Amino acid sequence: MTDTQYQYIDGEWIEGDSDDEMTVRNPAVPDDPLATFPRADREQARNAVNVATEASETWEETTPDERDSLLYDVADLIDDNVDELAQTLTKEEGKAISSSRGEVSRAAEIFRFFASYARTATGETIPSSDPDTFTYTIREPLGTVALVTPWNFPIATPSWKLATALVTGNTVVFKPSSQTPMIAKRLVELLELAGIPDGVVNLVVGSGSTVGDELTMNDGIDGVSFTGSTGVGRQIAQAAADRGIPIQTEMGGKNPQVVLPDADIEDAADAAIGGAFGLTGQACTATSRLIAHEDVVDELTDAVVERAESLSIGPGMDDPDMGPAVSEEQDETNFDYIDIAKEEGATLLTGGTRPDGLESGYYIEPTVFTDVTSDMRIAQEEVFGPVLSIMEASDFDGAIKMANDVEFGLSSSVFTADMASARRFANAIEAGVVKINGTTTGSQIQMPFGGMKASSSETQKEMGQTAYEFYTHEKAVYRTDP
Ligand code: NAD
Numbered sequence: 001m002t003d004t005q006y007q008y009i010d011g012e013w014i015e016g017d018s019d020d021e022m023t024v025r026n027p028a029v030p031d032d033p034l035a036t037f038p039r040a041d042r043e044q045a046r047n048a049v050n051v052a053t054e055a056s057e058t059w060e061e062t063t064p065d066e067r068d069s070l071l072y073d074v075a076d077l078i079d080d081n082v083d084e085l086a087q088t089l090t091k092e093e094g095k096a097i098s099s100s101r102g103e104v105s106r107a108a109e110i111f112r113f114f115a116s117y118a119r120t121a122t123g124e125t126i127p128s129s130d131p132d133t134f135t136y137t138i139r140e141p142l143g144t145v146a147l148v149t150p151w152n153f154p155i156a157t158p159s160w161k162l163a164t165a166l167v168t169g170n171t172v173v174f175k176p177s178s179q180t181p182m183i184a185k186r187l188v189e190l191l192e193l194a195g196i197p198d199g200v201v202n203l204v205v206g207s208g209s210t211v212g213d214e215l216t217m218n219d220g221i222d223g224v225s226f227t228g229s230t231g232v233g234r235q236i237a238q239a240a241a242d243r244g245i246p247i248q249t250e251m252g253g254k255n256p257q258v259v260l261p262d263a264d265i266e267d268a269a270d271a272a273i274g275g276a277f278g279l280t281g282q283a284c285t286a287t288s289r290l291i292a293h294e295d296v297v298d299e300l301t302d303a304v305v306e307r308a309e310s311l312s313i314g315p316g317m318d319d320p321d322m323g324p325a326v327s328e329e330q331d332e333t334n335f336d337y338i339d340i341a342k343e344e345g346a347t348l349l350t351g352g353t354r355p356d357g358l359e360s361g362y363y364i365e366p367t368v369f370t371d372v373t374s375d376m377r378i379a380q381e382e383v384f385g386p387v388l389s390i391m392e393a394s395d396f397d398g399a400i401k402m403a404n405d406v407e408f409g410l411s412s413s414v415f416t417a418d419m420a421s422a423r424r425f426a427n428a429i430e431a432g433v434v435k436i437n438g439t440t441t442g443s444q445i446q447m448p449f450g451g452m453k454a455s456s457s458e459t460q461k462e463m464g465q466t467a468y469e470f471y472t473h474e475k476a477v478y479r480t481d482p
């Protein structure tokens with residue numbers, strides 16, 4: 001019998017109450033649905049918030065030892081099920097199976113990293129101006145938080161939000177993307193197996209405009225952590241600001257890789273290919289603009305085109321260099337932007353069509369444009385597909401100006417042998433992540449992650465040593481003993 005119970009509320013797996021059925025499709029074989037089930041409705045989301053609010057009284061009283069041992073158990077369970085989880089992820093999202101395995105293992109690592117914070121996330125003792133008064137800060141959980149996530153890292157992103165929220169004593173209502181509910185369900189099943197108490201983690205799978213909207217507007221929600229597109233993120237941030245609750249939004253990108261004349265061109269080309277096409281361009285940190293100094297632009301362009309044309313494309317389960325786009329909608333967006341770029345006068349060097357021999361599935365060849373200028377939409381808007389724009393700069397300052405001339409500011413990279421130029425780049429670039437001789441994609445758990453400008457609300461970075469701060473209230477205590 002097919003599984004239709006995708007909502008997890010108060011420790012029970014139940015069906016969605018809405019009349020709206022959703023079908024999960026494998027982007028490599030869209031005609032063969034993976035699952036069909038009813039979405040949650042607004043009332044169920046409301047119920048999940050009530051349940052989580054009730055559970056928060058006992059969850060916030062748990063000891064650090066109880067919370068860390070539970071999160072370590074979740075990490076072990078993820079590790080024990082890497083292959084099965086990776087297959088689920090690849091089937092519904094489409095990425096190459098080796099990338100899915102990497103993401104699943106990273107999810108385990110994330111739970112372990114944040115588990116250790118149960119015993120160390122803390123306030124501070126601060127020197128007091130008054131010898132009779134002891135001054136210190138304490139941190140307390142917000143209460144119940146809504147976690148709203150996208151489809152492109154469908155186990156890693158929920159994991160870093162869940163682990164951080166739970167370790168600091170918050171209860172959770174988790175709303176994953178409707179594209180990737182299966183891996184979300186498996187993650188919550190593992191939390192259940194690890195012994196998460198009823199009501200502490202609740203999963204509601206439904207549309208953004210009903211379930212997502214309820215979670216951001218409901219008075220029982222004490223904080224919202226959102227990852228997704230800039231349009232939706234700004235809407236949620238506005239709603240949260242009106243209610244005066246903490247909000248964290250990590251959003252889109254238009255990430256530049258700058259290549260200076262003294263760079264190793266082969267390394268720069270490898271990085272651009274990995275960053276632009278590695279996850280079918282479906283990473284918020286994907287390289288979408290390759291800004292090359294005029295002295296090296298021709299050599300770099302040849303190297304990039306040669307590599308792009310040698311990439312293998314196919315179903316994620318065959319572990320190609322590049323899988324399909326996640327959905328029909330994203331597939332259409334990719335082809336729309338190719339038309340837009342051509343109409344704007346960009347020159348198509350390679351790609352832009354469906355690969356031969358792949359009849360079904362949302363495939364597109366790795367696509368490279370040149371003669372791209374900052375006034376073009378292809379240089380400004382996030383495609384979220386495997387489309388790389390090459391832009392030419394005449395000097396360092398011109399390259400920086402071009403790199404910053406977008407509304408986004410998530411990730412960036414510079415290739416150079418000169419560390420003085422690298423330092424100037426790190427200072428001048430408007431981006432939350434800066435790579436020197438590295439690809440714009442990829443990050444380390446212990447480093448803070450998040451953007452600037454339209455890529456982030458910049459309220460508190462995710463991951464890193466202080467990520468837990470978002471999920472806590474800080475109180476300043478002045479203790480004068482009688
Ligand atoms: P999306 O904004 O369409 O959806 C993200 C989540 O928000 C989904 O769960 C969706 O159902 C929900 N949602 C939609 N409308 C809502 C509403 N009105 N109220 C509440 N929730 C609502 O994004 P997507 O297509 O799932 O993901 C791709 C986008 O995510 C890209 O723009 C990408 O750059 C961005 N992203 C950013 C990061 C980052 O860390 N900066 C990481 C991954 C993806």
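Mapped onto UniProt numbering, the consecutive letters of the sequence shown carry residue numbers 1 to 482. By construction, the Cβ of each residue, glycine as well, lies at the ideal position given by its N, Cα and C atoms. Values in this document were obtained by computation on a predicted structure and should not be read as measured data.
In the DSSP secondary-structure assignment, L147 is bridged to F174, S225.
A check of alpha carbon separations from L410 across E103, G102, E250 identifies E250 as the nearest. D219 and F113 have their C-alpha atoms some 31 Å from each other.
The closest heavy atom of the ligand NAD lies less than 7 Å from the beta carbon of E382.
Check the Cα spacing between S455 and each of C284, G244, N50, A184: the tightest is with C284. Not one heavy atom of the ligand NAD is found less than 7 Å from the C-beta of N334. With contact defined as three or more Cβ pairs closer than 8 Å, the segment 60-72 and the segment 422-434 are not in contact. The straight-line gap separating the alpha-carbon atoms of T137 and E309 is approximately 57 Å.
In this structure, DSSP gives M447 a state outside helix and strand, which the three-state scheme calls coil. Only buried fits R307, as 16 or more other CB atoms lie within 10 angstroms of its CB.
One Cα belongs to T133, the other to I126, and the distance between them is close to 11 Å.
Exposure of T23 is indicated by the presence of fewer than 16 other C-beta atoms within 10 angstroms of its C-beta. Excluding residues up to 5 positions away in sequence, L70, D73 lie with their Cβ nearer than 8 Å to the Cβ of G195 in the same chain. At a cut-off of 7 Å, the beta-carbon of F153 counts as near the ligand NAD: some heavy atom of the ligand is closer than that.
A distance below 8 Å between beta-carbons, with the five flanking residues on each side excluded, links P38 to the following residues of its chain, in chain order: T4, E15, G16, D17, S18, D19, D20, E21, M22.
A buried status is given to E462, since no fewer than 16 other beta-carbon atoms sit within 10 Å of its beta-carbon. Set against 7 Å, the gap from the CB of L166 to the closest heavy atom of the ligand NAD is not smaller. E15 carries a coil assignment under DSSP once its states are collapsed to helix, strand and coil. The beta carbons of I390 and F369 sit about 7 Å from each other, so the pair counts as a contact at 8 Å. The continuous beta strand (DSSP E) containing P141 extends over residues 133-141.
The C-alpha of L290 is placed about 42 Å away from the C-alpha of T144.
Among the bridge pairs identified by DSSP, E250 is matched with T227, S456. Counting only residues of its own chain and dropping the five nearest sequence neighbours on each side, A403 has a CB closer than 7 Å to the CB of P256, V258, I291, S412, I429. Residue environment analysis places T280 among the buried positions, since at least 16 neighbouring C-beta atoms fall within 10 angstroms of its C-beta. Using a Cβ distance threshold of 8 Å, G169 and E60 count as a contacting pair. The closest CA to that of T53, considering only S129, L142, S128, A40, is found on L142. Rounded to the nearest whole angstrom, the C-alpha separation of F449 and S312 is 30 Å. Straight through space, the alpha carbons of G206 and S98 are spaced by roughly 29 Å.
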